[in-house]
Every structure is written in structure tokens, then in C-alpha cells.
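S.K.: Below is the structure I would like to discuss, written out as C-alpha cells.
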Amino acid sequence: MPYIEVIHPDEAEGRLRRIYDRVTGPGGQVDNVLQIHSLRPHTLEGHMALYKSVLHHPRNDLPKWFLEAIGVLVSLLNDCSYCARHHAAGMKRQMSGDTEKYEGCLEQLHRDHPGEPFSDAEQAALEYARKLTIAPGFVVVADLTPMREAGYGDGEIFEVNQVAAYFAYANRTVTGLGVHTEGEALGLFPPDGEEWRHG
């Protein structure tokens, strides 16, 4: 049960109804993390714009499954089971049925320092995301060096930063307001482009 009032899709009117129509997934599902914004619909629009930009934008260079993996790691570090479960399912869908790799990656995300099957560059990115999550005031330029040495350019580094930062926001929204996964299909996400509808 959320800690604040929520306007559910069947009760929504006006602007909120229009936004819900944009994000509704299969079976009429509007994820609880989105419904928690119902008292201030403009914040739902902001949330979706940020979410789409960092995780589901065609101009991002890093693979979507790996962006989801960063989200899972950050969510685990922040004790946000809602986001960890949703985005682990999303990571699995993005991996197109490679169950062995998915299971190996998920197992590694539960460790202090994830290793293989993540590549050296991915491991460096996960270490950066980890430090940014648990000690944000102590990140220094040297923390970016392993990613650069592994072949990431500043654009890819920025993508890692933005995903970790987005999940810090989303995790605190979820855990701070009692959002839960009860009754939700997990791992739904919108396509690339302007579409918000989850599928």
C-alpha cells in the first residue's frame, strides 16, 4: 500500500488521464512507479522524459540490456526491490533469450564487484556506478579512468552516469513512498522514439 494517495487509472481525468493513456501497457497496466505521480501529473511527464532519454533513446550508444544492468545494480545498492525486479526482467527481455548470459550477469550484479560475463569496460562502468551510488561525494576524475582505458568515450561515460543518477531518483521515489509490484507484470518498457506506451 503506497504511503500517499494515488489516483488509479480508472479514476483519472483530464491531463492525468491523457498521460496514463500514453503509458498504459498490456491489460491496461500503468506501473505503480508511474501512478505514484498522480497527484502532480507534471512530475510524471518529467519522469517519463528522463526515463526515455537515459534508458530507451535510439541515440544512446551502450546496449539497452547493459543500461538496464546498471539500473539493477544501483537499485540493489539502494535496497529498492521494486526497481531491481522490474529492471532485471527488462534486462532479460533486452538480452533476447540468452538465458545463460542473463543468469550470469544477474548473479554478478548481486556481488560487491561484478565480474564476468561482463566485459572489462562493463565492469569498469559498474564500478563507477557503484561508487556514484554509495559514495557520490567522493567521486573524482580518476574514477573515470578505468572506463576510458577500457575504450569508453565521454559519451558512453555520460550514459553510465545518467542511468545511475536516474535510478537514484527512481529508487528514492519508490522506497520513500511505499511503491510495490503487487499485481504488476514485470519488465515492460516502451520502444525507442517518442512512444511512452509500455509493452
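Numbered according to the numbering used here, the sequence shown spans residues 380 to 578. For each residue, glycine too, the CB sits at the ideal point set by N, CA and C.
1) Under the rule that 16 or more other beta-carbon atoms within 10 Å means buried, what is P515, buried or exposed?
2) Expressed to the nearest angstrom, what Euclidean distance is found between the alpha-carbon atoms of W444 and E479?
3) Spatial neighbours of Q414 within its chain, please: C-beta separation below 7 Å, excluding the five flanking residues on both sides.
4) Between which two residues does the alpha helix (DSSP H) containing C484 stretch?
5) Between E501 and E482, what straight-line distance do the alpha-carbon atoms span, to the nearest angstrom?
6) Pull up the distance between the alpha-carbon of A544 and that of N457, whole angstroms please.
7) So which of P381, G406 and E424 has the shortest CA-CA distance to R397?
8) Inspect the beta-carbon positions of L556 and I449 and report whether they are closer than 8 Å.
9) Should A467 go down as buried or exposed, given a rule of 16 or more other Cβ atoms within 10 Å for buried?
10) Within the same chain, show all residues whose beta-carbon is closer than 8 Å to that of V542, passing over the 5 residues directly before and after it, in chain order.
11) Can you check the region 436-473 for any alpha helix (DSSP H) of at least 4 residues that lies completely inside it and give the ranges in chain order?
12) On the CB-based measure, 16 or more other CB atoms within 10 Å of its CB, does A428 come out buried or exposed?
M.R.: Well, looking at it:
1) Exposed is the label assigned to P515, since fewer than 16 other Cβ atoms lie within 10 Å of its Cβ.
2) 14 Å
3) V385 and H387
4) Run containing C484: T478 to L488, per the alpha helix (DSSP H) assignment.
5) E501 and E482: Cα-Cα distance of roughly 16 Å.
6) 12 Å
7) E424
8) Contact flag unset, no.
9) buried
10) V433, L434, L446, I449, G450, V453 and A508
11) Uninterrupted alpha helix (DSSP H) stretches at least 4 residues long and entirely within the region 436-473 occur at 443-456 and 460-473, given in chain order.
12) exposed
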